[in-house]
Structure formats: structure tokens, C-alpha cells
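See structure below.
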Amino acid sequence: METLEYFLPQVWFGILGLFLFLYVMLDGFDLGVGILSLTSDDEERRGLLMTSLSNIWDANETWLVLMGGGLFGAFPLAYGTILTALYIPILVMVFGLIFRAVAFEFREQANRKFFWNFAFGAGSFTAALGQGFALGAVLKGINVDSSGHFIGGTWDWLTWQSVLVALTLIQGYVLIGSAYLVWKTEGELQETHYKTAKIAAWTTMLGAIFITITTPIFYESARSKLFEPPLVFVFAAIPVLGILLVSRLLSSLERREERAPFIWTILIFVLTFLGLALVVFPYIIPTRITIYEAAADPSSLVIMIIFIGFLIPVMLFYNLYQYVVFRGKVSGKAYGE
Amino acid sequence: MEFLSDTVVLSRMQFALTAIIHMLWPTLTTGVGIYLVMVEGIWLKTRNPDYYHHARFWSKLYALNFGIGVATGIPMEFQFGTNWAPFSEAVGNFFGSVIGFEASWAFMLEAAFLGIMLFGWERVNPAIHYLSTILVAVGANLSTVWILTASSWMQTPTGGEMVNGKFIVHDYFQAILNPFAATSVLHMFFATLETSLFVVGGISAWYILNQRHANFFAKSFKIALAAAIVVAPLQLYMGHLSAEQVYLYQPAKLAAMEAQWETLPAGQPANWSLVSLPNEKTQKNDWEISIPNALGYILEFKKDLSAPVRGLKEWQPEDRPHLVGLIYYCFRIMVGIGFFLAAVMGFSILCWLLGKFSAEKISEQRWLMRAWMFAAPLGFIAIDTGWIVRCVGRQPWTLYNQIRTVDSASHIPASNVLTSLTGFALVYPLLLVASLYFGSRIVRRGPDFDLPVPGIEIDRPAVDTAPGEFVPDERPVEAQQ
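Here it is as C-alpha cells:
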């Protein structure tokens, strides 16, 4: 039983990490494309950008719903505390997602598309901003009492660190969005996004470097963990690998490769994610509440593995199948028409 | 304006507002999803292109509603954490897991195959496409199953017990199959299906009435009617079973539904109140019209009650539901609509049997078509009023008899909730208006008959009659005979 109480929360930490990663990667490029649409002044081009997402955005967004439900069931204490502490960033994200989603449906029917174009771009930007603040605030630490309940103030999440994380995340979304468009489009549109990918690769890297340097300086608890062997070698390797990957990305953009930039970007996301997971683990509310303290009853975790865990390969399969069905470049008004 | 500084009241208002409006869209997608399965199936069986065009036309409305349903649904999930953190922490073991099951079993299935259903006509073969349509419908309706399971468990929490303020589950299947679950799932399933069928039928009736593609829409009208024959009476029956369960498990809610202040003893006839003016201050109805002996027949199909019906006064004021008038009238509106829809359906069947729906005659049934148009939005009102009865009637508990609503709300400043509530109050009605406007545009534009039918090459008869290359006959005129 003791090993079970150790092992099960770790499994759920891993599963939720996977859901969050899939969300950040998949809806990340949706949001990135949305943010990029703000820079486009041509109706046809915006139409193409939205068409490139129309069949996948809701499946991509589902990973967030799944991550929310999983966190609720597996770590109820963390679900309540984190969401209460992040009341405003969550609200900002939720309203952003609302406008992003309805823009797809309403723009298609509307005669005057201006408002819904703006709703798509601004909604994507706001959603990304809310997520960035939320991530930054969780990493910075949430003020809780000994039993793990939130005791901080309404604006605790707003610090210069969370602003930095939010800006970097937005850049990261723009990067993966650009890489997706390079993959899915051709001609002038593709050419534009080779450029935006390049700019975003640089700005994302600068943000990431800054976060990497400031983390051990400002988080005492992280420092002791980061500078002790054997983890210190892992943490030293991550920035080195990161810079290597970014240089591979930049050279693939230089060579006008079509799929490679997307793959390199995903690898950069994977690396960043592993880095963050290592900093956070074994906490679910960093440095205050561990996954073991916040976990649901072991019987719940087991039943959730049976009901959700075994569906993960199936869910991955039908998401993949979708991408296979709609493979190829985006063209014309809409798929299949 | 005391409530403006009360976090609990504001959080309740926010949840009620978002739930009442959000619910309207999934109602259509779950029901129309099943309708699409029927239409595409008929197309595959008959190969009549009309049914293909029906599938394309109604799936446009599906897409619109799905998009807004998702957009308004995500805030619902997050509200449990932002506004109801103590509740989430206490019931996460079961309730949170079920919310996770909904996302993984139901929502992902629907979202993943929706793209293929909407845009994949030319990219996958008809069998795979049909499978996708079926999976979308299954996914949508599995959402009903899981959400209603979670909600029913809040009404009749079984399968475990409260230990140190947390609900510990001993038996998951007992919790999933709690006493309310099966009836509630079916009651909601038929509600969404019936509402959707009356929407399809009502819109079809509008076309028929306006003589636009009347023959084409007579087909969808008849499919909706044929399905409603089964659904409408079953829904009345499920409603009866649900009321019976409330009588057994939540007598205080039943008393509020009936505005019954005094206990009616067993062995005596019980009147059923038709219209009244409940007064919570004086704890009686200021004014009332009631039908003699009817309550006995409603509950037990006989005049005299075999068990007492308890009145509201049996509970302390803090242990019984408030807003008695709201619960009382919402219940009557829901039941009234249920009977009205069944009556419209029954009368339509009669007309059908009398041959009044033939191609020439159907557009002459003006009053009946108007009745269907009038009935189209009623299902939504019945669903919302039904949920008000269900959830307001559960008060003062979030988890019935276990966790009080006042103990369930997050400890956050009221100003935060007021801000978010204002945001939702501005955005959700706007979305409702916009979706009605854009939905009616889809209807006014009508179906697109130019869409190529898969498997049939358009404008190309089976025998190739295309002109070949012109070869001038160079023989002398005499030889050309």
C-alpha cells in the first residue's frame, strides 16, 4: 500500500504532464496562428489561416479540458487551490478561448468579417496571455496555509517573473504557429512565416535564457535542488541542448525545409517541458504542496487509470488519424469543398 | 443590494447563468447528432441525393452549435475550481474523476471525429464517414451520460462516506449507478432528442409553410415526426419516474415543487395544486386553485395516498429549499411543455395517417405547421426550467444532505466574482443572440443543392454521351447517305 501511495501520484503527475504538453503543443500552434492572424491585412490570407485550423482546433482544445478534469480528479486540493489563486488569469484565458472558438463559426456566416477576425486574433492572444500568467504564477509559488488552501491576494499572480513567462510563452506559440504554417501552406504565405518563425525563434530563446538564469537566483528552494548532483548535470545539459536545437531550427528555416522546422520546434517544446517538470517535481503547488499531499484517494487514482489511462492510446490514435485524413497543404476556401 | 458583497450568492448566480445558457447548445448537438445518423443512414440505404443534402444542411447547424457549446462549456469546468474550491476538494475523489471521464470518453471522441464529419466527405470513403457521424453522436451523448451521472450523484450521493470533510468512495459502481443516475440520464437524453426533433421539425415546417423546397423538407419533417412518436410519450414516462424518485429521495424538493407547506397524511385524498401564490414569509400559499384528489393519482395512480406527502414546514427553514415560487412554476412550465409537445405530436400522427402529409397536401396544413414552428423553442424552455427545479430544489445542499452550498464556495473577495459575473452576463447573452442570428441565416440561405454528391459523378450520365472529336466526312455527298 505504501508503494502504491508513492507510485500512483507519480503516474498521475506523468499523465497530467502529458495532457498539458499535448495541449501546449497542439493548441499552442492554433493560438500562435491566431496571434499571427492579427498581422495579416488580407481577407483571403486570414481565411486560409483559419481553414488550416478549422478541423482540428476543437480536438486540440480538448486536451485542456482533459487536463482540467484529470487534475480535478487526481489532485482535487491542487485543482481548487491553484484555480482560486489564479482567478483572474483563468478568467482572461477562458474569455479568450470563448472569442477564439466562436470566431470560427461566426466569421464563416458573417458578411462583415472584421469583428470576428479581430475576435479570433485577440481571443488567441488573450488566451495565451492568461495561460502565460498562470504558468508564471505557479512557478513563482502560490501563497497557501499549512493545509494547502490559498491565502494570498487577488493580484498575487502579477509579478515581473510571470510577465516574463507570459511574454515568452506567447513567443513560443508564435514560433510553433509559424512552423505549422510553414508546413501547411505554400507560396507567399509560407515565405512570410519563414520570417516570423525566425524572429520568434530568437525572441523565444532570449526569453528562455532569461528565465533559466533568473530561476536559480530568485527561487531559493529551486536553487538547492538545481545545484546538487546528479540533477545539476541534467540542468546543465538542458540549456546546452536547447541552444543546439534552436540552431538546428534556424538552419532548417534557412534551408527552406518544410516539415523539419515544426519537428525541431516540437523538440524544443519537449525539452522545455521536461526542464519545467524537473524543477516542479515532486510538487504540484511548487515548493509548498507535494503530489502526495494533494493526491486523491488511491482507489480514485486506480479507477481513473482504468477509465482514462487506457484511453490515452486510443485518443492519440484518433487524433493522429485526423491529421492523416487532412494531410497536405491547405488550399481554397475550406477542406473538402 | 446586499448580495453584491456575498461571494456565495454571486457564485451561485454565475453558475446558474452560465449553466442555463450553455446548456442550450449541447442540447442541440446531442439530439441533432442522432438525427444526422438517421439521415445519413437513409442516404446510404436509398442513395437518394435529397438525404445527402439534408445531412449537409443540418450538419451546418450542428457545427455552429458545437463551436459555441464548447466555448461556453469550458468556463463551466473551470468554475468548479475557481468558485467552488472547497466543494472540489471535498468531492474530487468521485466528482472530479467523472468530469475527467466525460472529457476522455465523450468530448474527445466527438471533437476528433467532428472534423471528418464536417470536412471529410471527399477525403474518406462513405463507410468511414458514416462511422465518424456515428462516433460524433455517440461522443455527444456519452457527455450527457457522464454529466448527468455526476449531477445525479450530487442529488443522491451513494457509494461512500464523508471522512474528515472529504468524500471517500468505497464502491465506484455504486456511486456511478446512484439511485438518480439511470432515470436522470434517460430523462435528459430524451429531452435533448425531443427538443432537437422539434427544432428540425419546426424549421422544416417553416420551409413547407413558405413553399420553399416543400417536398425536400417534407422528408426531414417526417423523419422528425416518426422519431418523435417514440420519444415524446417516453419522455412523459421518464418525467413521471423522475418525479417519483424525488418523492422517495428528496421529499423537501417535492414539497417545494408542489408548494406544499403542510404534511398530507397517509390514507387521505390529496389535491393537486394547479396555480398558486406561495409565500415564504407566512409559510402558506396566499391564493390557490387546486384539482381535487389529483396528487394521489399522479404519485400512486389512486385516490388515497399510501404514504404521507411531507410538507415544507417539517424542515427547519435553513434545511429546506428557498425560492419555492420559482421551483413551483418552473416545474409546471416543464410539465406543461412536455404534454403540449406530446399533443402536437399525437395530432400530427393523426394527420399523417389521414394522408394529409402527401406531397400536394402537406403545405396546406398551415395551422399544424405553425404549431410545429411554435413548438421548436419550447423544448429549450422545458430543459432550463427542469434544471432549475433540479438544482434550486437541491438547495441548501450542493451534495445532498452532506455538504451545504455556503460551505462549498471559494474564499475569494466578492468583487472578483462580481467582475467575472459581469463578464459572463455580457458575453453569454451576446453569444445567444449571435448564434440565433447566424443560425437563422443558415436557415434563410437554405440547403446548397450544388454540393457534389460523393460516389455520383455530377452531370455525367452512365452512358458516355460526350461529343467525340469531330471528324468531317470527306466522302462525296452521294456516298454519305
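Sequence lines, in order, name chains A and B.
Taken in order, the first sequence gives residues 1 to 337; the numbers are from our numbering.
Taken in order, the second sequence gives residues 1001 to 1481; the numbers are from our numbering.
Virtual Cβ for every residue (Gly too), placed ideally from N, Cα, C.
Where residue i falls: helix, strand or coil (DSSP)
{"i": "A/F317", "result": "helix"}
{"i": "B/W1315", "result": "coil"}
{"i": "A/V240", "result": "helix"}
{"i": "B/D1050", "result": "helix"}
{"i": "B/K1284", "result": "strand"}
{"i": "A/D297", "result": "coil"}
{"i": "B/I1458", "result": "The pLDDT assigned to B/I1458 is 46, lower than 50, so where the model puts this residue is not dependable; a value taken from the coordinates is nonetheless given after this. Correct three-state label for B/I1458: coil."}
{"i": "B/L1277", "result": "strand"}
{"i": "B/F1180", "result": "coil"}
{"i": "A/I151", "result": "coil"}
{"i": "B/W1199", "result": "Sequence inspection shows Val at residue 1199 of chain B; the Trp mentioned does not correspond to that position. If DSSP states are grouped into helix, strand and coil, B/V1199 belongs with the helices."}
{"i": "A/L8", "result": "helix"}
{"i": "B/S1410", "result": "coil"}
{"i": "B/I1289", "result": "strand"}
{"i": "A/N60", "result": "helix"}
{"i": "A/S331", "result": "coil"}
{"i": "B/F1015", "result": "helix"}
{"i": "A/E254", "result": "helix"}
{"i": "B/M1257", "result": "helix"}
{"i": "B/W1084", "result": "coil"}
{"i": "B/E1194", "result": "helix"}
Beta-carbon proximity list for residue i, same chain, < 7 Å, skipping 5 on both sides
{"i": "A/E186", "result": "K329"}
{"i": "B/V1392", "result": "P1321, L1323, L1326 and I1327"}
{"i": "B/Y1247", "result": "L1254 and L1299"}
{"i": "A/A197", "result": "L175, S178, A179, V182, L253 and P261"}
{"i": "B/E1457", "result": "Any reading at B/E1457 must be qualified, since the residue scores a pLDDT of 49, below 50, and its modelled position is unreliable; the value itself is stated next. If we look at B/E1457 and ignore the five residues flanking it on each side, it has no Cβ neighbours."}
{"i": "B/H1054", "result": "V1039, K1219 and S1220"}
{"i": "B/Q1245", "result": "P1179, F1180 and T1183"}
{"i": "B/Q1235", "result": "F1190, A1191, E1194 and G1338"}
Residues bridged to residue i [DSSP beta-bridge criterion]
{"i": "B/V1169", "result": "B/G1160"}
{"i": "B/I1309", "result": "The displayed chain sequence assigns Val, not Ile, to residue 1309 of chain B. BP columns for B/V1309 point to B/L1264."}
{"i": "A/T290", "result": "A/Y283"}
{"i": "B/P1269", "result": "B/D1304"}
{"i": "B/I1403", "result": "B/L1399"}
{"i": "A/V144", "result": "A/F150"}
Alpha helix (DSSP H) segment containing residue i, residue limits
{"i": "B/E1110", "result": "M1108 to F1119"}
{"i": "B/T1004", "result": "Rather than Thr, the amino acid found at residue 1004 of chain B in this sequence is Leu. No alpha helix (DSSP H) contains B/L1004, which DSSP labels as neither H nor E."}
{"i": "A/T126", "result": "F114 to K140"}
{"i": "A/W160", "result": "W160 to K184"}
{"i": "B/L1430", "result": "A1414 to R1445"}
{"i": "B/S1358", "result": "Note, B/S1358: premise wrong, no alpha helix (DSSP H); not H, not E."}
{"i": "A/R100", "result": "Y87 to Q109"}
{"i": "A/T203", "result": "G187 to F218"}
{"i": "A/T39", "result": "That residue, A/T39, is in no alpha helix (DSSP H); it is neither H nor E in DSSP."}
{"i": "B/L1248", "result": "A1214 to Y1249"}
{"i": "B/D1384", "result": "L1378 to V1392"}
{"i": "B/G1100", "result": "S1097 to F1101"}
{"i": "B/R1370", "result": "R1366 to A1375"}
Beta carbon of residue i nearer than 9 Å to that of residue j
{"i": "A/S178", "j": "A/D30", "result": "no"}
{"i": "B/Y1035", "j": "B/A1224", "result": "yes"}
{"i": "A/L249", "j": "A/T272", "result": "no"}
{"i": "A/G172", "j": "A/T126", "result": "no"}
{"i": "B/N1093", "j": "B/V1169", "result": "yes"}
{"i": "B/M1023", "j": "B/W1387", "result": "yes"}
{"i": "B/S1410", "j": "B/S1011", "result": "yes"}
{"i": "B/N1285", "j": "B/W1272", "result": "no"}
{"i": "B/S1363", "j": "B/L1209", "result": "yes"}
{"i": "A/L64", "j": "A/Y23", "result": "yes"}
{"i": "A/T81", "j": "B/A1434", "result": "no"}
{"i": "B/A1228", "j": "B/S1348", "result": "yes"}
{"i": "A/L12", "j": "A/M304", "result": "With the sequence shown as reference, residue 12 of chain A is identified as Trp, and Leu is not the correct amino acid for it. In this structure, A/M304 lies closer than 9 Å to A/W12 by Cβ."}
{"i": "A/Q161", "j": "A/L189", "result": "no"}
{"i": "A/I170", "j": "A/L129", "result": "yes"}
Where the beta strand (DSSP E) through residue i begins and ends
{"i": "B/L1142", "result": "Run containing B/L1142: none in the beta strand (DSSP E); it sits in the alpha helix (DSSP H), P1126 to Q1155."}
{"i": "B/L1399", "result": "W1397 to L1399"}
Cut-off 6 Å between Cβ atoms - residues of its own chain near residue i, not counting five sequence neighbours on either side
{"i": "A/L8", "result": "P298 and L301"}
{"i": "B/V1463", "result": "Unreliable positioning characterises B/V1463 in this predicted model, as indicated by a pLDDT of 47, which lies under 50. A coordinate reading is not provided."}
Close Cβ partners of residue i (< 8 Å) along its chain, the five nearest in sequence each way excluded
{"i": "B/R1123", "result": "I1116"}
{"i": "A/K333", "result": "Confidence in A/K333 is poor, its pLDDT being 48 and thus under 50, which makes the residue's placement unreliable; the coordinate value appears in the next sentence. Excluding sequence neighbours, A/K333 sits near G47 and T51."}
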